[in-house]
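Numbering (the working numbering), first residue to last: 43 to 216.
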């Protein structure tokens, strides 16, 4: 399999790929939330997807249920007598991004930034704090109610908060 395209639009997960070999008999697709420990995850569809010899591409789709966030997709490819192999596609965004609201407040020691998230939170090391050439990944998770104190030696206009890859697909700072 090659050129795998995975999208999440209009309430559906859509997957399309090109068959790379005539030896491929069928494929099974599994997906799981990025942080899940389960090796395979959930099977995308109940059936195996068989290669049709007259078609160069394969495709599958599934309605989104509660999927939202970063996912890993594993394609278990059966090549007949050659056996099985797997292809992994990581950091695929499903569903709508989470909005992270920032509230900036003056404080005698500087500026307090308060974070509001509707659910969950940013994992540790996902938020980058930049100001005047200084860059620092926050070493703790950011949840609703978390506050960050920016010392008063920095001007508010020069402070940038940024979600780093791959989490920038999942969280939108507003």
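From the three backbone atoms N, C-alpha and C, an ideal C-beta is built for every residue, glycine too.
Environment of residue i [buried if 16+ CB atoms lie within 10 Å]
i	result
residue 69	buried
residue 234	Because the chain spans 43 through 216 in this model, residue 234 falls outside it and cannot be assessed.
residue 73	buried
residue 116	buried
residue 93	buried
residue 108	exposed
residue 176	exposed
C-beta contact flag for residue i and residue j at 8 Å
i	j	result
residue 121	residue 62	no
residue 156	residue 138	no
residue 153	residue 198	yes
residue 112	residue 208	yes
residue 205	residue 190	no
residue 101	residue 58	yes
Beta-bridge partners of residue i, as assigned by DSSP
i	result
residue 189	156
residue 59	100
residue 76	Answer by DSSP bridge pairing: none, since residue 76 is not bridged.
residue 148	153
residue 51	54
Host beta strand (DSSP E) of residue i (start-end)
i	result
residue 203	201 to 205
residue 182	Looking at the DSSP string, residue 182 is not in any beta strand (DSSP E), and its letter there is neither H nor E.
residue 213	213 to 215
residue 171	169 to 173
DSSP three-state assignment for residue i, whether helix, strand or coil
i	result
residue 123	helix
residue 198	helix
residue 65	coil
residue 128	strand
Residue i at chain C interface by Cβ criterion, 8 Å
i	result
residue 45	Here there is only one protein chain, and chain C is not present.
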